[in-house]
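Student: Let me begin by handing over the structure; questions about it come next.
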Amino acid sequence: MKEITVNKQNSGQKIEKFVKRYLTEAPLGFIYKAFRKKDIKVNGHWVHKDHIVQEGDVVRIYVTDAQLADFSKPREAIKQDFPYKIVYESENVLIVDKPAGILVIGDATETRNTLARKVLDYLYFKGEFDPNNHIFVPSPAHRLDRNTAGLVVFGKTDAALHELEEMFKERNNIEKRYTALVSGQLFGEGEADAPLAKDSESGMVKVTPISKGGKKALTKYKVLKNFEDATLVECELITGRTHQIRVHMASTGHPLVGDGKYGDFQTNRIFKSIYNWDRQFLHATSMTFLQCRYPLKELEGKTFMSNLTKEEAELIAHLK
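Following the working numbering, the numbering of the sequence shown begins with 689 at its first residue and continues without gaps.
See the structure below:
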């Protein structure tokens, strides 16, 4: 039998989710059978799998020592300070300034050197995360591409992460703006309103009619500065599709400078040879929280900013 006391980080989630996060390697059939057999109790009482646990509750999971060893796999973490800029931190939320070149979450090619791992290392260093008691794992509420710099928000508690994810999904009470350098001359303001879909085989996102599986996508943009063969623009995401800004700007005939996936080969070659620039110029520069529900009331009305990187600023200075 394993006994766990619910802390503030884990409070507010369903007992089913709590158990799944504790027994990370357990088959779902085993967990559901444990509920049916009343082998999972809260404060000494059997509960339904939808029961919400609260801080201070004592959860008992009746499993053998061998099963516990098989089913609970410690999360990797190394105690070390955070190497990047922290824009905002509270007991619920962590907002960090991600550099270009690092993944937010690992993929098949990279699992350790990610922003999410570095956040866990930092919280372990501070004593706010225990890899050996990882029922809740602080996680990002959204993502940026590897080569996009800027603001990324992490939920440090289950309740905060859930609410953040809902806000990013609904898009009604959060405003995200990006700074992008696009090829060619743009003027004034405009919008790209075109549904998008990701091709499972190529991994490319394409403008696709809704009748053929596309999802509604809207990007607004306005010109910040014109150069001879490029334009600095501010893009606002009204929806949040994968590669949305990159695909939408390319669909207008003005792809992001340096974008090897959706950009213009000739423009990219010129910027590489003259300025040694070889990644998409896209930076998540601001995030504004409007109306917020508990436990994110602390963010209501706040705007967080990320300055252009040294390399981005130098490129703009050269273009001037």
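We put the CB at the ideal spot given by N, CA and C, even for glycine.
1. To the nearest angstrom, report how far apart Lys-900 and Phe-759 are at their CA atoms.
2. Roughly how far, in whole angstroms, is the beta-carbon of Asn-698 from the beta-carbon of Phe-824, given that I think they are within contact range, below 8 angstroms?
3. Where do the ends of the alpha helix (DSSP H) carrying Ala-847 lie?
4. Here's the rule: buried if 16 or more other CB atoms are within 10 angstroms of the residue's CB, otherwise exposed. What is Phe-842?
5. When you compare the CB positions of Tyr-672 and Arg-934, do they come within less than 9 angstroms of one another, or not?
6. So, does the stretch 864 to 875 touch the stretch 802 to 818, judging by three or more C-beta pairs under 8 angstroms?
7. Is Leu-884 closer than 9 angstroms to Gln-932 when the C-beta atoms are compared?
8. Can you grab the Cα-Cα spacing for the pair Asn-995 / Met-937, in whole Å?
9. For a test of the three-state rule: what should DSSP assign to Asn-914, helix, strand or coil?
10. Kindly give me the distance between the Cβ atoms of Ser-939 and Ala-868, rounded to whole angstroms, as I take these residues to be in contact under 8 angstroms.
11. What residue range does the alpha helix (DSSP H) around Glu-1002 cover?
12. Anyone know if the C-beta pair for Asn-780 and Pro-983 falls short of 9 angstroms?
13. Measure the Cβ-Cβ separation of Lys-690 and Leu-756 and say whether it is below 9 angstroms.
14. Which of helix, strand or coil does DSSP assign to Met-993?
15. Which word fits Gly-700, buried or exposed, when buried means at least 16 other C-beta atoms lie within 10 angstroms of its C-beta?
16. When you compare the stretch 965 to 984 with the stretch 841 to 860, are there three or more beta-carbon pairs, one atom per stretch, that lie closer than 8 angstroms?
17. Alpha carbons only, please: which of Leu-808, Ile-793, Ala-788, Asp-952 is nearest the one belonging to Lys-767?
18. Would Gly-941 be called buried (16 or more neighbouring beta carbons within 10 Å of its own) or exposed?
19. Who are the near neighbours of Ala-765 in its chain, counting only those whose CB is closer than 6 angstroms to its CB and skipping five residues on each side?
20. Just how far apart, CA to CA, sit Asp-966 and Phe-959?
21. For the alpha helix (DSSP H) holding Glu-889, just list the boundary residues, first then last.
22. From Asp-753 to Val-747, what distance separates their C-alpha atoms?
23. Just mark Ala-907 as buried or exposed, buried being the case when its beta carbon has 16 or more other beta carbons within 10 Å.
24. Mind checking who Trp-734 pairs with in its DSSP beta bridge?
25. Using alpha carbons as the reference points, say which of Gln-979, Glu-1002, Thr-976 lies closest to Ile-962.
26. Could you give the C-beta distance for Arg-859 and Gly-902, rounded to a whole number, given that I count them as a contact under 8 angstroms?
27. Can the beta-carbon of Ala-714 be found closer than 9 angstroms to that of Tyr-750?
28. With DSSP collapsed to three states, give me the class of Met-975.
29. When DSSP labels each residue in this structure, what does Val-807 get in the three-state scheme?
Tutor: This is what the structure gives:
1. Taking the first residue of the sequence shown as 1, we reach residue 900 at position 212. Taking the first residue of the sequence shown as 1, we reach residue 759 at position 71. So the two alpha carbons sit approximately 42 angstroms from each other.
2. Residue mapping note: residue 698 aligns to position 10 of the sequence shown, counting from 1. Residue mapping note: residue 824 aligns to position 136 of the sequence shown, counting from 1. Right, the Cβ-Cβ distance comes to about 5 angstroms (below 8 angstroms), so this counts as a contact.
3. The residue given as residue 847 occupies position 159 in the sequence shown. Per DSSP, Ala-847 belongs to the alpha helix (DSSP H) from 846 to 858.
4. Numbered from 1 along the sequence shown, position 154 holds the residue referred to as residue 842. Looking at its Cβ environment, which holds 16 or more other Cβ atoms inside 10 Å, Phe-842 is buried.
5. Outside the displayed span of the chain (689 to 1008) sits residue 672, for which this structure offers no information.
6. no
7. Numbered from its first residue, the sequence shown carries residue 932 at position 244. Numbered from its first residue, the sequence shown carries residue 884 at position 196. The criterion of a C-beta distance shorter than 9 angstroms is satisfied by Gln-932 and Leu-884.
8. The residue labelled residue 995 in the question sits at position 307 within the sequence shown. The residue labelled residue 937 in the question sits at position 249 within the sequence shown. Computed Cα separation, rounded: 22 angstroms.
9. As a working note, residue 914 is residue 226 in the sequence shown. Residue state, collapsed to three classes: strand.
10. Taking the first residue of the sequence shown as 1, we reach residue 939 at position 251. Taking the first residue of the sequence shown as 1, we reach residue 868 at position 180. Between Ala-868 and Ser-939 the Cβ distance is about 14 angstroms, and since that is not below 8 angstroms, they are no contact.
11. Taking the first residue of the sequence shown as 1, we reach residue 1002 at position 314. Residues 998 to 1007.
12. Position 92 of the sequence shown, counting from 1, holds the residue named residue 780. Position 295 of the sequence shown, counting from 1, holds the residue named residue 983. For the pair Asn-780 and Pro-983, the CB atoms are nearer than the 9 angstroms cut-off.
13. Against the sequence shown, residue 690 aligns to sequence position 2. Against the sequence shown, residue 756 aligns to sequence position 68. Yes, the pair counts as a contact, with Cβ atoms nearer than the cut-off.
14. Here the question's residue 993 lines up with position 305 in the sequence shown. Met-993 falls in the strand class under three-state DSSP.
15. Locating residue 700 in the sequence shown gives position 12, where the first residue counts as 1. Burial call: buried.
16. yes
17. For the purposes of this step, residue 767 is taken as the residue at position 79 of the sequence shown. If we check each option's Cα against that of Lys-767, Leu-808 comes out closest.
18. Walking along the sequence shown from the start, residue 941 turns up at place 253. Exposed, because fewer than 16 other Cβ atoms sit within 10 Å of the Cβ of Gly-941.
19. Indexing the sequence shown from 1 puts residue 765 at position 77. Result list for Ala-765: Leu-808, Asp-809, Tyr-812, Pro-819, in chain order.
20. Taking the sequence shown and counting its residues from 1, the one referred to as residue 966 is at position 278. Taking the sequence shown and counting its residues from 1, the one referred to as residue 959 is at position 271. A straight-line Cα-Cα distance of about 7 angstroms links Asp-966 and Phe-959.
21. Here residue 889 is taken as the residue at index 201 of the sequence shown, counted from 1. From DSSP, Glu-889 is part of no alpha helix (DSSP H); its letter is neither H nor E.
22. To locate residue 753, count along the sequence shown from 1; it is residue 65. To locate residue 747, count along the sequence shown from 1; it is residue 59. Straight-line measurement puts the Cα of Val-747 at about 16 angstroms from the Cα of Asp-753.
23. The residue given as residue 907 occupies position 219 in the sequence shown. With the sequence shown as reference, residue 907 is identified as Thr, and Ala is not the correct amino acid for it. So Thr-907 ends up on the buried side.
24. As a position in the sequence shown, residue 734 is number 46, starting the count at 1. Beta-bridge pairing links Trp-734 to Lys-729.
25. As a working mapping, residue 962 is identified with position 274 in the sequence shown. Selected option, being the one with the closest Cα: Glu-1002.
26. For this step, residue 859 is matched to residue 171 along the sequence shown. For this step, residue 902 is matched to residue 214 along the sequence shown. Not confirmed; about 17 angstroms, so no contact.
27. Stepping through the sequence shown from its first residue, residue 714 is reached at position 26. Stepping through the sequence shown from its first residue, residue 750 is reached at position 62. For Ala-714 and Tyr-750, no; Cβs fall outside 9 angstroms.
28. As a working note, residue 975 is residue 287 in the sequence shown. In the structure shown, Met-975 sits in a strand (DSSP, three-state: E or B).
29. Looking up residue 807 in the sequence shown gives position 119. Correct three-state label for Val-807: helix.
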